[in-house]
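**Student:** Top line first, the protein sequences correspond to chains Z and V.
Position 66 (the first sequence) corresponds to 89 in the working numbering; numbering is contiguous.
Position 90 (the second sequence) corresponds to 113 in the working numbering; numbering is contiguous.
Below is a structure I'd like to ask you about.
Protein chains: 2
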Amino acid sequence: MEPIVPHVGEIGESGLLDLIKRRFGNGPEGEVWVGDDAALVATGSRSLLTVDVLVEGIDFDFSYCTGFDVGWKSLAVNVSDIAAMGGRPERAVVALSLSPATLVGVVEAFLDGLEAGAGRWNVDIVGGDISGADEMSVSVTLLGAIDAEPVLRSGARLGDAICVTGSLGGAAGGLFALQRGLAGHNADIERLAARQLRPEPRIREAETLQAATAMVDVSDGLALDLTRLMKASGKGCTVSRELVPVDPALAALEDGPDPVELALRGGEDLELLCTLDPADVDRALEALGSPLAGLTRIGVVTDDGCLLDGEPLEGEELGWEHLRSR
Amino acid sequence: MEPIVPHVGEIGESGLLDLIKRRFGNGPEGEVWVGDDAALVATGSRSLLTVDVLVEGIDFDFSYCTGFDVGWKSLAVNVSDIAAMGGRPERAVVALSLSPATLVGVVEAFLDGLEAGAGRWNVDIVGGDISGADEMSVSVTLLGAIDAEPVLRSGARLGDAICVTGSLGGAAGGLFALQRGLAGHNADIERLAARQLRPEPRIREAETLQAATAMVDVSDGLALDLTRLMKASGKGCTVSRELVPVDPALAALEDGPDPVELALRGGEDLELLCTLDPADVDRALEALGSPLAGLTRIGVVTDDGCLLDGEPLEGEELGWEHLRSR
């Protein structure tokens, strides 16, 4: 008797590849996508290349998320990286490691999420690889195009304004809510959960921030990403805690962590953190108004040392860091 | 007291990133490598893109290999894919998932192996990502250049000669020897182990096979890769078992698996399997002589059905397939 709920081990790598080829199929004339040793794609004279890996039990957990969420997010985090360089995401390859015990339905949902994100952000999935594993992990590599000069993290200048898009802390608050089974309690908590599970990279905001002197996406928490940007630029900063845009939905987390702390140290918000010449700030603040995510000035670039309300922004627990023994 | 043998959890993601940046550092003028949200690299009008993931316990095991081996091989398998398309490997990004308990020395050895392969095959490591995990896995994405037309797997034509470079079965024989602790017994077994641990992609051979009508690298076993090539080309084949070039070192595996079976079904040899117009075969056979790996004609492309000595080349166990429940 055929099992009603098949798992990956039953259809094998070939079965899975057929399933993937049917979805992502062939490219346009002159390109080769899924199915050969490598994909062949058109590129401009310069390309952006980035990779992010999500691991089950570390970066996601099926106790609170779906295959769709994993597919969506695995692409979103890379799209955010390309946007933060001032580029345009174009092509992706996906390496998927799976236990044979994974349900085929979970893989289908993963592909659904990947495909939905690819459609939303105009990315073509052009190839990939599959391996067996004990735990699921997904590594997406994204190739992007860039027309203007890239916005590096090393370009901050003394006196530049430090600005951040949207609001912070929501993704970390969402994780808190999901891990405690709070999702569904009310609309605010749903919004937080969505920020964790279905993040929206700030592509359009990045386009309007081409004048930034430096830019990164906030993936490991404001404090850590800000410190890294300043280190790369050889500068310091002074930032006001009360200026940091805290996700308003965090107020719904009664007995939860301090919202401002989540905004400072929680990761995965995929907001853009940038430095702008003071002469460009007003224009940027206006340009990023509705329907975009908005922009908030939170501090200024200094010669040396990162200060939050006059205190050094340093210490062991700046934000999300992989691998540190916990 | 400081531990004498530090593990990754002690230096954390930041410590590891510093260690990686010191090695792979900055690119030439106009490029951005390790350290920003994405790498910026020069590209031609067309690029090749491929990814391969290696997972601890499935694709490698530290009971018989070193970190150096894993670094080398994770790049080699991708270089082989680019070569099999008729391209030139150029830039790589590396996603590394690691347990915090991994020794820093293992990571250093991994980076040594990666760097050695990168040097050998003229690849620049331009970026990457690190995540925590229970098991180690490495996903390398390789961007390649291509000047001429790509050699696809779909181009085989009726009457073409089927040829394969070098010899087959050695990598599978090496795995057999390593898993049984036979490495070091004699020079032949050392050669087999090296084919498993330090494979040599056939870059120069691929350059001389630009006239091939179709080409793939033999990564999952001759039988499976041949069947896939013919399926992609909409053709069949007839192949002679006695023509298949068996790695001569396999004779050293007394009481081991049948060498011809290993040559047919063992994976990871990274030889090139191609189809050639009969008019081009003699030139190719001559061009691939010493110091290259050599080329052997093993059969001919037919209209339909893959036959080995007249018997259908089909069935459950064609070669290495991930995910099939074992």
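All C-beta atoms in this analysis are idealised placements derived from N, C-alpha and C, irrespective of residue type, glycine included.
Kindly indicate if chain Z contains any beta-carbon less than 8 Å away from that of Met-253(V).
**Tutor:** Chain Z, which has no Cβ nearer than 8 Å to the Cβ of Met-253(V), makes this no.
**Student:** When you compare each of His-30(V), Gly-50(V), Cys-88(V) to Ala-217(V) by their alpha carbons, which one comes out closest?
**Tutor:** The residue with the shortest Cα to Cα distance from Ala-217(V) is Cys-88(V).
**Student:** Less than 7 Å between C-beta atoms, sequence neighbours within five positions excluded: which residues of the same chain meet that for Ala-229(V)?
**Tutor:** Only Ala-106, Ala-107, Gly-109, Leu-295 meet the Cβ criterion.
**Student:** Which of the three DSSP states is assigned to Arg-111(Z) in this structure?
**Tutor:** Arg-111(Z) falls in the strand class under three-state DSSP.
**Student:** Which of helix, strand or coil does DSSP assign to Pro-271(V)?
**Tutor:** In the structure shown, Pro-271(V) sits in a helix (DSSP, three-state: H, G or I).
**Student:** On the CB-based measure, 16 or more other CB atoms within 10 Å of its CB, does Asp-332(V) come out buried or exposed?
**Tutor:** Its Cβ having fewer than 16 others within 10 Å, Asp-332(V) is exposed.
**Student:** How far does the alpha helix (DSSP H) with Ser-68(Z) in it extend, from its first residue to its last?
**Tutor:** Run containing Ser-68(Z): none; DSSP gives neither H nor E here.
**Student:** Whole beta strand (DSSP E) runs in the region 165-216 of chain V with 3 or more residues, listed along the chain?
**Tutor:** Taking only runs of at least 3 residues, the beta strand (DSSP E) segments lying wholly in the region 165-216 of chain V are 184-188.
**Student:** Determine the DSSP secondary structure at Val-28(V), reduced to helix, strand or coil.
**Tutor:** Reduced to three states, the DSSP call for Val-28(V) is coil.
**Student:** Ends of the alpha helix (DSSP H) at Ser-256(Z)?
**Tutor:** Segment 245-256, the alpha helix (DSSP H) holding Ser-256(Z).
**Student:** Let me make sure I understand the geometry here. Which of Asp-92(Z), Val-127(Z), Pro-173(Z) has the alpha-carbon closest to that of Gly-140(Z)?
**Tutor:** When only C-alpha atoms are compared, the closest one is Asp-92(Z).
**Student:** Using the three-state DSSP reduction, which class does Phe-85(V) fall into: helix, strand or coil?
**Tutor:** Correct three-state label for Phe-85(V): coil.
**Student:** Would Ala-237(V) pass as a contact of Arg-176(V) if the rule is Cβ separation under 8 Å?
**Tutor:** Their beta carbons are under 8 Å apart, which means Ala-237(V) touches Arg-176(V) by this criterion.
**Student:** By the DSSP assignment, the beta strand (DSSP E) with Glu-294(Z) in it spans what residues?
**Tutor:** Note, Glu-294(Z): beta strand (DSSP E), 294-299.
**Student:** Terminal residues of the continuous alpha helix (DSSP H) containing Thr-236(Z)?
**Tutor:** Careful: Thr-236(Z) lies outside any alpha helix (DSSP H) and carries neither H nor E.
**Student:** Run down chain V in chain order and give the residues with a C-beta less than 9 Å from the C-beta of Arg-176(Z).
**Tutor:** Going along chain V in sequence order, the residues near Arg-176(Z) (Cβ under 9 Å) are Gly-58, Asp-59, Asp-60.
**Student:** If you draw a straight line from the alpha carbon of Ala-179(V) to that of Val-324(V), how long is it in whole angstroms?
**Tutor:** Computed Cα separation, rounded: 7 Å.
**Student:** Closer than 7 Å by beta-carbon distance: list the chain Z residues that pair up with Pro-173(V), in chain order.
**Tutor:** Per Cβ cutoff of 7 Å: Val-55, Leu-63.
**Student:** Is there at least one Cβ from chain Z nearer than 8 Å to Leu-166(V)'s Cβ?
**Tutor:** Chain Z contact via Cβ: present.
**Student:** Cβ atoms of Ser-103(Z) and Pro-3(Z): under 8 Å apart, would you say?
**Tutor:** Given a span of 24 to 349 for chain Z in the structure shown, any question on residue 3(Z) remains unanswerable.
**Student:** Give the DSSP-derived three-state secondary structure of Arg-349(Z) in the structure shown.
**Tutor:** Per-residue confidence for Arg-349(Z) stands at a pLDDT of 42, beneath the threshold of 50, marking its modelled position as unreliable; the derived number appears in the next sentence. Residue state, collapsed to three classes: coil.
**Student:** Spell out the partners DSSP gives Asp-75(Z) in its beta bridges.
**Tutor:** Answer by DSSP bridge pairing, in chain order: Val-163(Z).
**Student:** Can the beta-carbon of Asp-60(V) be found closer than 8 Å to that of Val-239(Z)?
**Tutor:** Cβ atoms of Asp-60(V) and Val-239(Z): closer than 8 Å.
**Student:** Rounded to a whole number of angstroms, what is the C-alpha to C-alpha distance between Glu-339(V) and Ser-242(V)?
**Tutor:** Note that Glu-339(V) scores 46 on pLDDT, short of 50, meaning its location in the model is unreliable; the coordinates nonetheless yield the value given after this. Their backbone Cα atoms lie some 17 Å apart in a straight line.
**Student:** What does Arg-320(V) pair with, by DSSP beta-bridge criteria?
**Tutor:** Its beta-bridge partners are Cys-186(V).
**Student:** Name the two residues that bound the continuous beta strand (DSSP E) containing Gly-155(Z).
**Tutor:** Start and end: 147-155.
**Student:** Cβ closer than 8 Å: which chain V residues qualify as neighbours of Glu-158(Z)?
**Tutor:** Chain V residues near Glu-158(Z): Ala-156, Asp-157, Glu-158.
**Student:** Along the beta strand (DSSP E) that carries Val-262(Z), what are the first and last residues, could you check?
**Tutor:** 259-262 is the extent of the beta strand (DSSP E) around Val-262(Z).
**Student:** Hey, could you find the ends of the beta strand (DSSP E) Leu-266(V) is sitting in?
**Tutor:** Looking at the DSSP string, Leu-266(V) is not in any beta strand (DSSP E), and its letter there is neither H nor E.
**Student:** List, in chain order, every chain V residue whose beta-carbon is nearer than 9 Å to that of Ile-81(Z).
**Tutor:** Chain V residues near Ile-81(Z): Ser-120, Ser-154, Gly-155, Ala-156, Asp-157.
**Student:** First and last residue of the beta strand (DSSP E) that includes Leu-331(Z)?
**Tutor:** Run containing Leu-331(Z): 329-331, per the beta strand (DSSP E) assignment.
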